[in-house]
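Position in the sequence shown (from 1) plus 2 gives the number in the numbering used here.
Cβ atoms here follow ideal geometry from the backbone N, Cα and C, with glycine treated the same way.
Notes for the one structure printed next.
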Amino acid sequence: MVTSTRIAIARKRRGLTLADLSGRVGVSLQSLSNYETGRTDPTTETLAKISAELDFPENFFRKPDIELLPLEAVSFRARSKLAAAPRDAALAASTLALELNEWIEYRYKLPSTQVPTLGRLSPESAADVLRARWNLGNAPISNMVHLVESRGVRVFSLPPEFADVDAFSFWRNGTPFIFLSTLKSPERGRFDVAHELGHLVLHGEERGLYGPAAEKEANSFASAFLMPEDSVMSLIPKSPLPSQIVEAKRIWKVAAMALTYRLHDLGLLSDWHYRKACVELSKRGYRSSEPRGMPSRENSQLLEKVFNMAQGKGISTRHVADELKVSTQELSSWIFGLVVTVRTGTGRWEPPVAASRPRLSVVR
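Okay, here's the thing in C-alpha coordinates:
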(Lines of atoms letter the chains of each structure in order from A and count residues from 1; the text may use other names and numbers.)
(Lines give C-alpha, C1' and ligand atoms only; values in the text may rest on other atoms or scores of the structure.)
Protein backbone atom coordinates (compact mmCIF):
# COMPACT_ATOMS: atom_id res chain seq x y z
CA MET A 1 0.00 0.00 0.00
CA VAL A 2 1.27 3.45 -0.92
CA THR A 3 1.35 6.21 1.73
CA SER A 4 -0.14 9.30 0.12
CA THR A 5 1.54 11.85 2.38
CA ARG A 6 4.96 10.55 1.41
CA ILE A 7 4.32 11.29 -2.25
CA ALA A 8 3.50 14.88 -1.32
CA ILE A 9 6.55 15.24 0.95
CA ALA A 10 8.93 13.77 -1.63
CA ARG A 11 7.55 16.09 -4.31
CA LYS A 12 7.92 19.15 -2.10
CA ARG A 13 11.41 18.05 -1.06
CA ARG A 14 12.41 18.28 -4.73
CA GLY A 15 10.82 21.71 -5.10
CA LEU A 16 8.22 20.56 -7.63
CA THR A 17 4.61 21.61 -8.04
CA LEU A 18 1.85 19.12 -8.78
CA ALA A 19 1.90 20.30 -12.39
CA ASP A 20 5.68 19.82 -12.60
CA LEU A 21 5.56 16.23 -11.40
CA SER A 22 2.45 15.23 -13.34
CA GLY A 23 4.13 16.36 -16.55
CA ARG A 24 7.35 14.50 -15.79
CA VAL A 25 5.64 11.28 -14.77
CA GLY A 26 3.02 11.39 -17.51
CA VAL A 27 -0.15 11.32 -15.42
CA SER A 28 -2.92 13.86 -15.19
CA LEU A 29 -2.84 16.59 -12.56
CA GLN A 30 -6.05 15.17 -11.08
CA SER A 31 -4.58 11.68 -10.83
CA LEU A 32 -1.49 12.93 -9.02
CA SER A 33 -3.65 15.00 -6.69
CA ASN A 34 -5.66 11.86 -5.92
CA TYR A 35 -2.46 9.97 -5.10
CA GLU A 36 -1.38 12.67 -2.65
CA THR A 37 -4.74 12.86 -0.93
CA GLY A 38 -5.14 9.09 -0.71
CA ARG A 39 -8.23 8.86 -2.91
CA THR A 40 -6.49 6.41 -5.21
CA ASP A 41 -3.18 4.55 -5.31
CA PRO A 42 -0.76 4.83 -8.22
CA THR A 43 -0.16 1.73 -10.30
CA THR A 44 3.08 -0.16 -9.83
CA GLU A 45 4.37 1.35 -13.07
CA THR A 46 3.41 4.89 -12.04
CA LEU A 47 4.95 4.50 -8.59
CA ALA A 48 8.20 3.41 -10.22
CA LYS A 49 8.16 6.56 -12.34
CA ILE A 50 7.44 8.76 -9.31
CA SER A 51 10.23 7.06 -7.39
CA ALA A 52 12.73 7.59 -10.21
CA GLU A 53 11.72 11.19 -10.82
CA LEU A 54 11.88 12.19 -7.14
CA ASP A 55 14.96 10.09 -6.35
CA PHE A 56 13.37 8.28 -3.42
CA PRO A 57 13.31 4.45 -3.33
CA GLU A 58 9.92 2.86 -3.84
CA ASN A 59 9.83 1.48 -0.30
CA PHE A 60 10.04 5.07 1.01
CA PHE A 61 6.47 5.51 -0.23
CA ARG A 62 5.30 2.49 1.78
CA LYS A 63 6.55 3.73 5.15
CA PRO A 64 4.01 4.97 7.72
CA ASP A 65 2.13 8.22 7.31
CA ILE A 66 4.15 11.41 7.79
CA GLU A 67 3.03 14.97 8.49
CA LEU A 68 4.84 17.98 7.06
CA LEU A 69 6.06 20.41 9.70
CA PRO A 70 3.51 23.24 9.92
CA LEU A 71 4.76 26.55 8.58
CA GLU A 72 3.67 28.45 11.69
CA ALA A 73 5.91 26.27 13.89
CA VAL A 74 9.14 27.24 12.13
CA SER A 75 11.22 30.40 12.55
CA PHE A 76 11.75 31.24 8.87
CA ARG A 77 13.36 34.64 8.37
CA ALA A 78 11.86 37.05 5.83
CA ARG A 79 8.96 34.61 5.59
CA SER A 80 6.89 36.85 3.32
CA LYS A 81 9.76 37.13 0.82
CA LEU A 82 10.54 33.42 0.67
CA ALA A 83 9.06 31.64 -2.35
CA ALA A 84 6.78 28.69 -1.66
CA ALA A 85 8.93 26.07 -3.44
CA PRO A 86 12.18 26.52 -1.43
CA ARG A 87 10.19 27.06 1.76
CA ASP A 88 8.24 23.81 1.33
CA ALA A 89 11.39 21.97 0.23
CA ALA A 90 13.14 23.03 3.44
CA LEU A 91 10.13 22.00 5.53
CA ALA A 92 10.09 18.61 3.80
CA ALA A 93 13.82 18.07 4.32
CA SER A 94 13.58 18.93 8.01
CA THR A 95 10.53 16.69 8.40
CA LEU A 96 12.52 13.79 6.98
CA ALA A 97 15.52 14.64 9.18
CA LEU A 98 13.22 14.21 12.19
CA GLU A 99 13.01 10.53 11.24
CA LEU A 100 16.79 10.35 11.45
CA ASN A 101 16.59 11.97 14.89
CA GLU A 102 14.10 9.28 15.97
CA TRP A 103 16.47 6.62 14.62
CA ILE A 104 19.31 8.10 16.68
CA GLU A 105 17.28 8.57 19.87
CA TYR A 106 16.11 4.96 19.75
CA ARG A 107 19.73 3.80 19.82
CA TYR A 108 21.52 6.45 21.88
CA LYS A 109 20.81 8.48 24.98
CA LEU A 110 21.32 12.08 23.90
CA PRO A 111 21.94 15.15 26.10
CA SER A 112 18.78 16.28 27.86
CA THR A 113 17.17 19.59 26.95
CA GLN A 114 18.39 22.53 29.02
CA VAL A 115 16.90 25.37 26.99
CA PRO A 116 14.66 27.54 29.17
CA THR A 117 11.87 29.80 27.98
CA LEU A 118 12.76 33.39 28.88
CA GLY A 119 10.25 35.27 26.77
CA ARG A 120 9.39 37.76 29.51
CA LEU A 121 12.93 39.13 29.55
CA SER A 122 14.56 41.52 27.11
CA PRO A 123 16.89 39.83 24.59
CA GLU A 124 19.97 41.23 26.37
CA SER A 125 18.77 40.06 29.79
CA ALA A 126 17.79 36.65 28.41
CA ALA A 127 21.29 36.24 26.94
CA ASP A 128 22.85 37.12 30.31
CA VAL A 129 20.55 34.74 32.20
CA LEU A 130 21.23 31.87 29.81
CA ARG A 131 24.99 32.41 30.02
CA ALA A 132 24.70 32.27 33.80
CA ARG A 133 22.56 29.12 33.78
CA TRP A 134 24.97 27.43 31.41
CA ASN A 135 27.97 28.56 33.52
CA LEU A 136 29.61 30.37 30.63
CA GLY A 137 30.57 33.56 32.43
CA ASN A 138 31.64 36.25 29.97
CA ALA A 139 34.18 34.12 28.13
CA PRO A 140 34.07 33.83 24.33
CA ILE A 141 32.29 30.69 23.14
CA SER A 142 34.67 28.31 21.41
CA ASN A 143 32.07 26.41 19.36
CA MET A 144 28.40 27.38 19.17
CA VAL A 145 27.17 24.14 17.60
CA HIS A 146 28.89 21.99 20.21
CA LEU A 147 27.56 24.23 22.98
CA VAL A 148 23.89 24.02 22.01
CA GLU A 149 24.18 20.28 21.33
CA SER A 150 25.56 19.78 24.83
CA ARG A 151 22.39 21.48 26.13
CA GLY A 152 20.02 19.22 24.23
CA VAL A 153 19.48 21.09 20.96
CA ARG A 154 19.44 18.81 17.90
CA VAL A 155 21.39 20.42 15.05
CA PHE A 156 21.11 19.36 11.42
CA SER A 157 22.19 20.89 8.12
CA LEU A 158 20.08 22.12 5.24
CA PRO A 159 20.70 20.67 1.77
CA PRO A 160 23.07 22.94 -0.18
CA GLU A 161 20.53 23.70 -2.90
CA PHE A 162 18.53 25.79 -0.43
CA ALA A 163 20.48 28.99 -1.04
CA ASP A 164 17.36 31.11 -0.50
CA VAL A 165 16.54 29.53 2.85
CA ASP A 166 18.28 30.79 5.95
CA ALA A 167 18.78 28.87 9.16
CA PHE A 168 15.61 28.10 11.11
CA SER A 169 14.53 26.47 14.35
CA PHE A 170 11.50 24.95 16.03
CA TRP A 171 10.36 22.95 19.03
CA ARG A 172 9.03 19.42 18.50
CA ASN A 173 7.51 17.49 21.40
CA GLY A 174 9.65 19.35 23.91
CA THR A 175 12.88 19.03 21.93
CA PRO A 176 14.52 22.05 20.26
CA PHE A 177 15.86 21.75 16.70
CA ILE A 178 18.09 24.02 14.62
CA PHE A 179 18.71 23.61 10.89
CA LEU A 180 21.70 25.44 9.46
CA SER A 181 22.75 26.56 6.01
CA THR A 182 26.22 25.32 5.08
CA LEU A 183 26.72 28.07 2.50
CA LYS A 184 27.61 30.91 4.88
CA SER A 185 30.96 31.95 6.30
CA PRO A 186 31.90 30.25 9.60
CA GLU A 187 31.34 33.52 11.48
CA ARG A 188 27.89 34.01 10.04
CA GLY A 189 27.13 30.38 10.77
CA ARG A 190 27.95 30.94 14.45
CA PHE A 191 25.67 33.96 14.51
CA ASP A 192 22.91 31.88 12.91
CA VAL A 193 23.15 29.34 15.74
CA ALA A 194 22.94 32.12 18.32
CA HIS A 195 20.06 33.75 16.42
CA GLU A 196 18.06 30.51 16.35
CA LEU A 197 18.88 29.87 20.00
CA GLY A 198 17.36 33.27 20.62
CA HIS A 199 14.13 32.17 18.94
CA LEU A 200 14.02 29.00 21.02
CA VAL A 201 14.66 30.86 24.27
CA LEU A 202 12.61 34.00 23.68
CA HIS A 203 9.70 32.56 21.74
CA GLY A 204 9.50 28.96 22.90
CA GLU A 205 6.59 26.79 21.84
CA GLU A 206 3.84 29.17 22.85
CA ARG A 207 4.82 32.41 21.09
CA GLY A 208 4.87 33.25 17.39
CA LEU A 209 8.26 32.82 15.74
CA TYR A 210 7.87 35.15 12.82
CA GLY A 211 7.73 38.80 11.90
CA PRO A 212 10.19 41.71 12.04
CA ALA A 213 9.83 42.11 15.81
CA ALA A 214 10.75 38.47 16.48
CA GLU A 215 13.72 38.67 14.10
CA LYS A 216 14.98 41.83 15.79
CA GLU A 217 14.72 40.15 19.20
CA ALA A 218 16.63 37.09 17.99
CA ASN A 219 19.36 39.27 16.48
CA SER A 220 19.71 41.25 19.70
CA PHE A 221 19.91 38.04 21.71
CA ALA A 222 22.56 36.58 19.39
CA SER A 223 24.67 39.72 19.57
CA ALA A 224 24.53 39.83 23.37
CA PHE A 225 25.08 36.09 23.77
CA LEU A 226 28.14 35.98 21.52
CA MET A 227 29.59 39.32 22.65
CA PRO A 228 28.72 39.94 26.33
CA GLU A 229 28.74 43.60 27.32
CA ASP A 230 31.28 43.26 30.15
CA SER A 231 33.67 41.33 27.93
CA VAL A 232 33.44 43.78 25.04
CA MET A 233 33.70 46.87 27.25
CA SER A 234 36.83 45.53 28.94
CA LEU A 235 38.66 44.62 25.74
CA ILE A 236 37.68 47.25 23.15
CA PRO A 237 38.63 50.95 23.42
CA LYS A 238 36.14 53.68 22.65
CA SER A 239 35.96 54.64 18.96
CA PRO A 240 38.11 51.77 17.67
CA LEU A 241 39.54 51.94 14.16
CA PRO A 242 38.32 49.47 11.51
CA SER A 243 41.68 47.70 11.72
CA GLN A 244 41.15 47.21 15.46
CA ILE A 245 37.66 45.84 14.83
CA VAL A 246 39.03 43.36 12.29
CA GLU A 247 41.62 42.21 14.80
CA ALA A 248 39.17 42.03 17.72
CA LYS A 249 36.51 40.02 15.87
CA ARG A 250 38.72 36.97 16.28
CA ILE A 251 38.23 37.08 20.05
CA TRP A 252 34.52 36.28 19.75
CA LYS A 253 34.68 34.55 16.33
CA VAL A 254 32.13 36.90 14.83
CA ALA A 255 31.85 38.82 11.59
CA ALA A 256 33.46 42.25 11.53
CA MET A 257 30.11 43.88 10.71
CA ALA A 258 28.42 42.07 13.60
CA LEU A 259 31.05 43.34 16.04
CA THR A 260 30.73 46.84 14.60
CA TYR A 261 26.98 46.78 15.21
CA ARG A 262 27.53 45.55 18.76
CA LEU A 263 30.07 48.30 19.47
CA HIS A 264 27.58 50.90 18.28
CA ASP A 265 24.84 49.31 20.36
CA LEU A 266 27.05 49.50 23.47
CA GLY A 267 28.02 53.12 22.84
CA LEU A 268 31.65 52.43 21.94
CA LEU A 269 31.01 53.80 18.45
CA SER A 270 29.11 57.03 17.90
CA ASP A 271 26.63 57.24 15.03
CA TRP A 272 29.29 59.00 12.93
CA HIS A 273 32.05 56.52 13.78
CA TYR A 274 29.67 53.63 13.17
CA ARG A 275 28.75 54.83 9.68
CA LYS A 276 32.39 55.51 8.87
CA ALA A 277 33.46 52.06 10.08
CA CYS A 278 30.72 50.37 8.05
CA VAL A 279 31.78 52.20 4.89
CA GLU A 280 35.44 51.30 5.40
CA LEU A 281 34.70 47.66 6.21
CA SER A 282 32.44 47.40 3.16
CA LYS A 283 35.28 48.66 0.98
CA ARG A 284 37.47 45.90 2.42
CA GLY A 285 34.90 43.24 1.50
CA TYR A 286 33.39 42.61 4.93
CA ARG A 287 29.83 43.39 3.86
CA SER A 288 29.53 40.37 1.56
CA SER A 289 32.22 38.02 2.90
CA GLU A 290 34.67 37.59 5.76
CA PRO A 291 38.29 38.11 4.66
CA ARG A 292 40.86 36.58 7.01
CA GLY A 293 38.07 34.69 8.70
CA MET A 294 37.80 31.37 10.48
CA PRO A 295 39.30 28.48 8.48
CA SER A 296 36.26 26.21 8.71
CA ARG A 297 32.65 26.28 9.83
CA GLU A 298 31.38 24.63 12.99
CA ASN A 299 29.61 21.31 12.47
CA SER A 300 27.78 18.80 14.63
CA GLN A 301 29.90 16.86 17.08
CA LEU A 302 26.96 14.74 18.17
CA LEU A 303 26.22 13.47 14.66
CA GLU A 304 29.88 12.71 14.12
CA LYS A 305 29.94 10.63 17.32
CA VAL A 306 26.77 8.80 16.33
CA PHE A 307 28.07 7.80 12.93
CA ASN A 308 31.52 6.93 14.21
CA MET A 309 29.97 4.62 16.81
CA ALA A 310 27.78 3.11 14.12
CA GLN A 311 30.85 2.62 11.95
CA GLY A 312 32.48 0.74 14.80
CA LYS A 313 29.57 -1.72 14.64
CA GLY A 314 29.97 -2.12 10.88
CA ILE A 315 27.18 0.30 10.00
CA SER A 316 27.87 2.77 7.21
CA THR A 317 25.84 5.78 6.17
CA ARG A 318 24.44 3.58 3.41
CA HIS A 319 23.03 1.16 6.00
CA VAL A 320 21.42 4.04 7.88
CA ALA A 321 20.02 5.51 4.66
CA ASP A 322 18.61 2.10 3.73
CA GLU A 323 16.85 1.85 7.08
CA LEU A 324 15.36 5.31 6.59
CA LYS A 325 14.49 4.47 2.95
CA VAL A 326 16.37 7.45 1.52
CA SER A 327 19.50 7.85 -0.59
CA THR A 328 22.90 8.34 1.01
CA GLN A 329 23.05 11.73 -0.71
CA GLU A 330 19.79 12.74 0.97
CA LEU A 331 21.00 11.55 4.36
CA SER A 332 24.34 13.30 3.93
CA SER A 333 22.57 16.60 3.25
CA TRP A 334 21.11 16.55 6.78
CA ILE A 335 24.36 15.68 8.58
CA PHE A 336 26.81 18.30 7.31
CA GLY A 337 28.10 16.01 4.57
CA LEU A 338 29.45 13.37 6.96
CA VAL A 339 30.52 10.26 5.08
CA VAL A 340 31.32 7.13 7.06
CA THR A 341 32.56 3.98 5.37
CA VAL A 342 31.78 0.54 6.72
CA ARG A 343 34.43 -1.36 8.65
CA THR A 344 34.74 -5.11 8.90
CA GLY A 345 31.60 -6.45 10.52
CA THR A 346 28.30 -8.18 9.91
CA GLY A 347 26.90 -5.37 7.80
CA ARG A 348 23.73 -5.47 9.89
CA TRP A 349 22.90 -3.78 13.16
CA GLU A 350 20.20 -5.11 15.41
CA PRO A 351 19.10 -2.10 17.49
CA PRO A 352 19.81 -2.45 21.22
CA VAL A 353 17.04 -2.28 23.76
CA ALA A 354 16.38 1.18 25.16
CA ALA A 355 17.97 0.40 28.53
CA SER A 356 21.33 -0.30 26.92
CA ARG A 357 21.52 2.80 24.76
CA PRO A 358 25.02 4.32 24.90
CA ARG A 359 25.04 7.77 26.47
CA LEU A 360 26.46 10.46 24.20
CA SER A 361 27.97 13.67 25.49
CA VAL A 362 29.21 16.73 23.65
CA VAL A 363 32.39 18.55 24.61
CA ARG A 364 31.73 22.27 24.27
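Kindly indicate the opening and closing residues of the alpha helix (DSSP H) around residue i.
| i | result |
| --- | --- |
| VAL234 | 231–237 |
| PHE63 | Looking at the DSSP string, PHE63 is not in any alpha helix (DSSP H), and its letter there is neither H nor E. |
| THR45 | It is not in any alpha helix (DSSP H) - THR45 carries neither H nor E in the DSSP assignment. |
| ARG264 | 258–267 |
| SER222 | 214–228 |
| MET3 | From DSSP, MET3 is part of no alpha helix (DSSP H); its letter is neither H nor E. |
| LYS285 | 273–285 |
| SER335 | 330–336 |
| ALA21 | 20–27 |
Name the one or two DSSP bridge partners that residue i has.
| i | result |
| --- | --- |
| PHE172 | PHE179 |
| LYS111 | ARG361 |
Note the first and the last residue of the continuous beta strand (DSSP E) segment covering residue i.
| i | result |
| --- | --- |
| SER159 | 156–159 |
Report the option in the options whose CA atom is closest to the CA atom of residue i.
| i | options | result |
| --- | --- | --- |
| VAL147 | LEU228, THR45, ILE253, ASP232 | LEU228 |
| SER171 | VAL328, ALA75, ALA279 | ALA75 |
| ALA12 | ARG41, ASP90, GLU107 | ASP90 |
| PHE223 | SER233, HIS197, PHE158 | HIS197 |
| LEU100 | VAL150, GLU55, GLU69, PHE58 | GLU69 |
| LYS83 | GLN331, PRO72, TYR110, ASP168 | ASP168 |
| ARG156 | HIS275, LEU112, THR184 | LEU112 |
| ASP57 | ARG26, SER291, LEU71, ARG79 | ARG26 |
| PRO239 | SER225, THR262, SER35 | THR262 |
| ALA226 | PRO297, ARG289, LEU120, PRO125 | PRO125 |
| SER114 | VAL234, ASP232, PRO178 | PRO178 |
| GLU231 | ALA312, LEU333, GLU151, PRO142 | PRO142 |
| GLN116 | PHE158, ALA323, LEU202, LEU160 | LEU202 |
| ASN175 | GLY154, THR46, LEU185 | GLY154 |
| GLU217 | SER30, ARG135, ARG79 | ARG79 |
| LEU326 | ASN103, GLY40, ALA87 | ASN103 |
| ALA50 | ASN61, THR42, ARG41, ASN36 | ASN61 |
To the nearest angstrom, report how far apart residue i and residue j are at their CA atoms.
| i | j | result |
| --- | --- | --- |
| ASN137 | LYS14 | 42 Å |
| LEU304 | GLY28 | 43 Å |
| HIS205 | ARG16 | 30 Å |
| PRO2 | GLU38 | Any answer about residue 2 is impossible in this case: the structure gives the chain only from 3 up to 366. |
| ILE440 | LEU182 | The chain is shown from 3 up to 366; residue 440 falls before or after that span and cannot be answered. |
| MET259 | ILE253 | 14 Å |
| VAL4 | PHE63 | 6 Å |
| GLU149 | ARG192 | Before going on, a small fix: residue 149 reads as Leu here, not Glu. Distance between the alpha carbons of LEU149 and ARG192 is about 11 Å. |
| LEU71 | SER241 | 46 Å |
| ASN221 | LEU18 | 32 Å |
| ILE317 | MET311 | 9 Å |
| GLY200 | HIS266 | 21 Å |
| SER187 | PRO297 | 9 Å |
| TYR108 | ARG135 | 29 Å |
| ARG345 | GLY269 | With a pLDDT of 36 at ARG345, under the threshold of 50, the modelled position of that residue is not reliable, and no figure is offered here. |
| LEU243 | HIS275 | 9 Å |
| LYS255 | SER291 | 14 Å |
| ALA21 | SER6 | 17 Å |
| VAL248 | GLU219 | 25 Å |
Using the three-state DSSP reduction, which class does residue i fall into: helix, strand or coil?
| i | result |
| --- | --- |
| LYS186 | coil |
| GLU292 | coil |
| GLN116 | coil |
| VAL167 | coil |
| LEU243 | coil |
| PRO88 | helix |
| TRP136 | coil |
| ASP57 | coil |
| GLY316 | coil |
| ASN36 | helix |
| ILE143 | coil |
| LYS255 | coil |
| GLY200 | helix |
| SER73 | It should be noted that the sequence gives Leu, not Ser, for residue 73. Helix. |
| ARG122 | coil |
| ARG192 | helix |
| ALA50 | helix |
Using only the heavy atoms of the ligand FMN, determine whether one of them is closer than 7 Å to the beta carbon of residue i.
| i | result |
| --- | --- |
| SER35 | The ligand FMN is not part of this structure, which contains no ligands at all. |
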